[in-house]
Every structure is written in structure tokens, then in C-alpha cells.
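Those letters in the sequence shown? Residues 1 to 125, per my numbering, in order. Glycine residues also receive a C-beta, built at the ideal position from the N, C-alpha and C atoms.
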Amino acid sequence: MCAEIAFQGAGRPGASLVQQEEWIRVVAICRREGVDRLPKNLGLGEREAIALAEELNHSLLIDDRAGRKEAESRNMVYFGSLRVLKEAKDRGLLCEVTPIMDALRGAGLRMGEMLYQTFIREMGE
């Protein structure tokens, strides 16, 4: 995922930040069979994220609907980008989430208009 954002996504929102941050690191999956056993209707990135989270026994950040269903079927702890934004605003790390949500949508995050408007309203913006 880091390579997807930082290198393949060069020039897109957040790419340079991913390259600069020391706390972001690339971790290889030790057991590739975990990826291969996941449903093929999931993208490779989603399969790798799920397999790595299982391997490391960590929670999973995932927005893909099919990926979330798979994580739920495996009783994994998962959350999406909106929860990260909410937590950041609640902790005072962000003043507003609207510009970030707009950038995410501009970068290709699929989000229905109703969800977008509801979230903005819930965040008091």
C-alpha cells in the first residue's frame, strides 16, 4: 500500500508525505498463501492488507466494501478513512475534515453524496 501511494501515485495527494514520514514503513507479508486464499473478487491490495493484518494480528484500515465484508467474516477489527478523520478531529489534530474528504474524493475514493453530506454535518462543518 505504501508503494501504491508514494511511488505509483507520485504527484497525487499525500504521496510525498508518505515518503517523508518515518513512522510509515513497508512490511512484507511472510505467508503469501494467506493472500492467495482470499477471494479473487477482492483487489490485490485489499487481499494483501487483510492477510498482513491477520498475520500481524492488527486492526485493518480499509474502505473497500467487499474487503470490509471479508474482514467482518473473519472477525477482524477494521475501520475506514472516515473514522480516522473523525478521530483526528476529535483529538484536535484537524480543524476541519471537509478539505481532506474533498482531496480523497478527488484522488478516487468512492463515497456517495449522502454519506459525504451526513459525515460533514456530523463533524459540524
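Under the rule that 16 or more other beta-carbon atoms within 10 Å means buried, what is residue i, buried or exposed?
i      : result
LEU60  : buried
VAL97  : buried
ALA51  : buried
ALA66  : exposed
MET114 : exposed
Can you tell which of the options has the C-alpha that lies nearest to the C-alpha of residue i?
i      : options                        : result
ARG31  : GLN20, HIS58, GLU48 and ASN75  : GLU48
SER73  : GLU87, LEU85 and GLU54         : GLU54
PRO39  : ALA71, TRP23 and LEU56         : ALA71
LEU82  : ALA103, MET76 and VAL35        : ALA103
LEU122 : TRP23, ARG110, ALA28 and LYS89 : Residue 122 is actually Glu in this sequence, not Leu. Comparing Cα-Cα distances from GLU122 to each of TRP23, ARG110, ALA28 and LYS89, the minimum goes to LYS89.
Using three-state DSSP, classify residue i as helix, strand or coil.
i      : result
LEU104 : helix
MET1   : Its pLDDT being 47, under 50, MET1 is placed unreliably in this model, and the value from its coordinates should be taken loosely. MET1: coil per DSSP, three-state reduction.
Under 8 Å by Cβ, that's how I've got residue i and residue j pegged, so tell me the actual separation to the nearest angstrom.
i     : j     : result
ARG91 : TYR78 : Contact doesn't hold; Cβ gap of about 20 Å is too wide.
GLU87 : ASP64 : Not confirmed; about 20 Å, so no contact.
Practice item. Kindly provide the ranges of any alpha helix (DSSP H) runs that are 4 or more residues long and lie completely inside the region 70–121, ordered along the chain. Key: 81–90 and 98–106
Practice item. Counting only runs of 4+ residues fully inside the region 36–71, write out the alpha helix (DSSP H) ranges in chain order. Key: 44–56
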